[in-house]
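Chains as they are written, first to last, in the numbering used here: chain D, 1174 to 1520; chain F, 1174 to 1520. Glycine residues also receive a C-beta, built at the ideal position from the N, C-alpha and C atoms. See below for the structure under consideration.
Here you go:
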């Protein structure tokens, strides 16, 4: 079977990770990446990937820097079956007509509204409903984590109601010099924050409310959940439900993973590309169950968590793999995802 | 009536604030403060307050620095009706026999266990039960805030169950150089964290669970609460219940108070001593009520919130003011506490 030809428009925090992940998939061919910038961000890609110029200015800029672009965005589209748009929020929505005119299927990111594509995607929840579609939206990092974790408990028939507090990272590491948040906490100005309602675009039945704030740190989000269960349950039942779902890994305070920075450092030590953590990291020893209530604490690498979902979305749109579990397994194996970072994997 | 003679043992974050607040009360006489240190922390007090040496070493150190101590800790005790112990956690418990031998009533802080004194104090909740006692414990900053806010809703018959996430400050500003927390979040290793259970030492009927973490900031704690009400209620009912309680002030995002640092700066602009905020600052425009659920976000100045409680505890132990509301009013008026920082006070 021919490999799926994939283009990536926008070589930022998400785009560069998606490009690498696509490049690693045995059933995909990365045609190249496009961007409007011409500085270190895109030039670091030149020796490794075909780089296209998303605008005439970018074309000129690359040529002036002594780089020969592989072509224009139109050239990239002409060679692609699927384009992954990882441009900044609201830019992707404006790009969609261009993709559709070129007859290329498109995936946008969580910064766009659900209505932009009419379909929102998290692989383990609704891969099947994306099969053969022209468009989908991979939901944002926090929303992805909510669907994975709450979806796992919902699948086990355990979840009645979820109320969460999300402490978000202030800004991404690469743009911290632009001014992040120092020595304070910044509550989001509206309750509920958008992540809870956004999760319902994938799992409409969830009873979920989120409160969010930004913290004075730059790496990863931190979630605190109070769950009303459908019945009294044991701690093991809750742990088993989480273990049964893909893309959730357990971490433990007893292993010395006592804060966000410990896990960030572990990812570097494990040799992960860019130190990425594609899994939701749930603190196993903080999972607390009291009667029909449960409390969860977990960590979300906002830069990386949507990458495997995007890879699966590519397969779903093209319909080359119809079994969700088969796509998830292929993606996870290729990337080297884990259910536990420190103990040997169960086979 | 003779003024109550008050000594303060421990001139740290809490002690220095208690000393100033006691000094300001018309019915109290500050005998002086004692400490074991002899550096800037205590020497800045020398021109303003009688300074006693808590140990022979401290006595020598002060004399070496050219300062004549007002006496020893025993001298301070001999002149005091009440001693407020604001020494570090667990030191106060060891000091109690000495206070009792001297026949001096004593107040310890929230770092000590409830059993140390057999009574835990928040003025608006249980002033009356402290009348005439020899000992009480003013509960910690977070616990005080929980009792004030949840107690207000409980008094209004509105509160069934409260689940809160507390993002604590990493370390106090004065000791930030000792190593705080940078660029991470540090979840507390046990759920529930101690603050919820601790609130029950004052209000045994509360159904409250807390999850806590430390953030990468140094000033004030930040609470996020999900409340199950006893019935469907309007937002105004919840606001009215909070307004009916003392020591809760409303702040608003619409006034530009959008984060912890905004409120910290406002306290400085209001001319508060040390920039202190004795009130719990509840974001009025974040108070969200949906059927029988309510969501609250508030800010706690951990350095200052227990100061008015400590002042009231002094009156309660001595029994000089038997009406809780009268003591609270006197304390609050003397300190200049507010229900709203930006609009004129209701009379």
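> Skipping 5 residues on each side, what residues in its chain have a beta carbon closer than 6 Å to that of residue 1313/F?
Replying inline: 1283
>> Quick check: is the beta carbon of residue 1461/F nearer than 7 Å to any beta carbon in chain D?
In response: yes
> So which residues on chain D does residue 1390/F lean against when the C-beta distance must stay under 7 Å?
Replying inline: 1356, 1357, 1358 and 1389, listed in chain order.
>> Distance cutoff 7 Å, beta carbons only. Does residue 1399/D sit that close to anything in chain F?
In response: Cβ-Cβ to chain F under 7 Å: yes for residue 1399/D.
> What in chain F is Cβ-close to residue 1434/D, meaning under 7 Å?
Replying inline: 1356 and 1357
> Are three or more beta carbon pairs between the stretch 1354-1367 of chain D and the stretch 1375-1388 of chain D nearer than 8 Å?
Replying inline: yes
>> Just to confirm my understanding: we take residue 1380/D, look at its own chain, exclude 5 residues before and 5 after, and list those with CB closer than 6 Å. What are they?
In response: 1334
> So is residue 1417/D buried or exposed if we call it buried at 16+ other beta carbons inside 10 Å?
Replying inline: exposed
> Does the beta-carbon of residue 1442/F have 16 or more other beta-carbons within 10 angstroms, so that it is buried, or is it exposed?
Replying inline: exposed
>> Under 8 Å, CB to CB, which of the residues in the stretch 1440-1455 of chain F have a partner in chain D?
In response: Of all residues in the stretch 1440-1455 of chain F, none has a C-beta nearer than 8 Å to a C-beta of chain D.
>> Let me check one thing: in DSSP terms, what residues is residue 1180/D bridge-paired to?
In response: 1205/D and 1256/D
>> Please identify the residue among 1450/D, 1355/D and 1462/D whose C-alpha is closest to the C-alpha of residue 1508/D.
In response: The shortest C-alpha separation from residue 1508/D is found at 1450/D.
> chain D partners of residue 1315/F, CB-CB under 7 Å?
Replying inline: Proximity of chain D to residue 1315/F at the Cβ level (cut-off 7 Å) is not reached, the minimal Cβ distance being about 14 Å.
> Opposite residue 1156/F in the DSSP bridges: which residues?
Replying inline: Coverage of chain F is limited to positions 1174 through 1520, which leaves residue 1156/F absent and any answer about it impossible.
>> Can you tell me where the beta strand (DSSP E) holding residue 1387/F begins and where it ends?
In response: 1381-1387
> Is the beta carbon of residue 1178/F sitting closer than 7 Å to the one on residue 1196/F?
Replying inline: In this structure, residue 1178/F sits away from residue 1196/F, with a CB-CB distance that is not shorter than 7 Å.
> So which of 1301/F, 1322/F and 1395/F has the shortest CA-CA distance to residue 1340/D?
Replying inline: 1395/F
> In the structure shown, what three-state DSSP assignment does residue 1520/D receive?
Replying inline: Annotation note: pLDDT 45 at residue 1520/D (below 50); position unreliable, coordinate value reported separately. Note: residue 1520/D maps to coil in three-state DSSP.
>> In the DSSP assignment, the beta strand (DSSP E) including residue 1280/D goes from what residue to what residue?
In response: Start and end: 1278-1281.
> Taking DSSP as the reference, what is the three-state secondary structure of residue 1337/D?
Replying inline: strand
> Tell me which same chain residues have a C-beta within less than 6 Å of the C-beta of residue 1400/F, skipping the five on either side of it?
Replying inline: For residue 1400/F, where only same-chain residues beyond five positions count, the Cβ hits under 6 Å are 1335 and 1467.
> What first and last residue would you give for the beta strand (DSSP E) that runs through residue 1308/F?
Replying inline: Counting along the chain, the beta strand (DSSP E) containing residue 1308/F begins and ends at 1308-1311.
>> Cβ closer than 9 Å: which chain F residues qualify as neighbours of residue 1336/D?
In response: 1336, 1399, 1466 and 1468
> How would you call residue 1405/D, buried or exposed, if buried means at least 16 neighbouring beta carbons within 10 angstroms?
Replying inline: exposed
>> Three Cβ pairs or more, each shorter than 8 Å: is that satisfied between the stretch 1223-1243 of chain F and the stretch 1206-1214 of chain F?
In response: Judged by Cβ distances under 8 Å, the stretch 1223-1243 of chain F makes contact with the stretch 1206-1214 of chain F, as three or more pairs qualify.
> Of all the residues that make up the stretch 1416-1427 of chain F, which are near chain D by a beta-carbon distance shorter than 8 Å?
Replying inline: 1426
> residue 1321/F and residue 1453/F: beta carbons closer than 7 Å?
Replying inline: yes
> residue 1249/F and residue 1286/F: beta carbons closer than 7 Å?
Replying inline: Their beta carbons are not under 7 Å apart, which means residue 1249/F does not touch residue 1286/F by this criterion.
> At least one CB of chain D closer than 7 Å to the CB of residue 1475/F: is that the case?
Replying inline: False, the Cβ-Cβ gap to chain D never drops below 7 Å.
>> To be precise: take each residue of the stretch 1362-1380 of chain F, compare its Cβ to all Cβ atoms of chain D, and keep it if any distance is under 9 Å. Which residues remain?
In response: 1362, 1363, 1364 and 1365
> Under the rule that 16 or more other beta-carbon atoms within 10 Å means buried, what is residue 1456/D, buried or exposed?
Replying inline: buried
> How many Å lie between residue 1504/F and residue 1326/F at the Cα?
Replying inline: 23 Å
>> My assumption, with CB atoms under 8 Å, is that residue 1188/F sits in contact with residue 1290/F. Please give the rounded CB distance.
In response: Actually they are not in contact, since the Cβ atoms of residue 1188/F and residue 1290/F sit about 18 Å apart, beyond 8 Å.
> Does the pairing of the stretch 1301-1319 of chain D with the stretch 1365-1373 of chain D give three or more beta-carbon distances under 8 Å?
Replying inline: yes
>> So residue 1431/F contacts chain D; which residues on that side make the cut at Cβ distance below 9 Å?
In response: Chain-ordered, the chain D residues with CB closer than 9 Å to the CB of residue 1431/F read 1359, 1360 and 1362.
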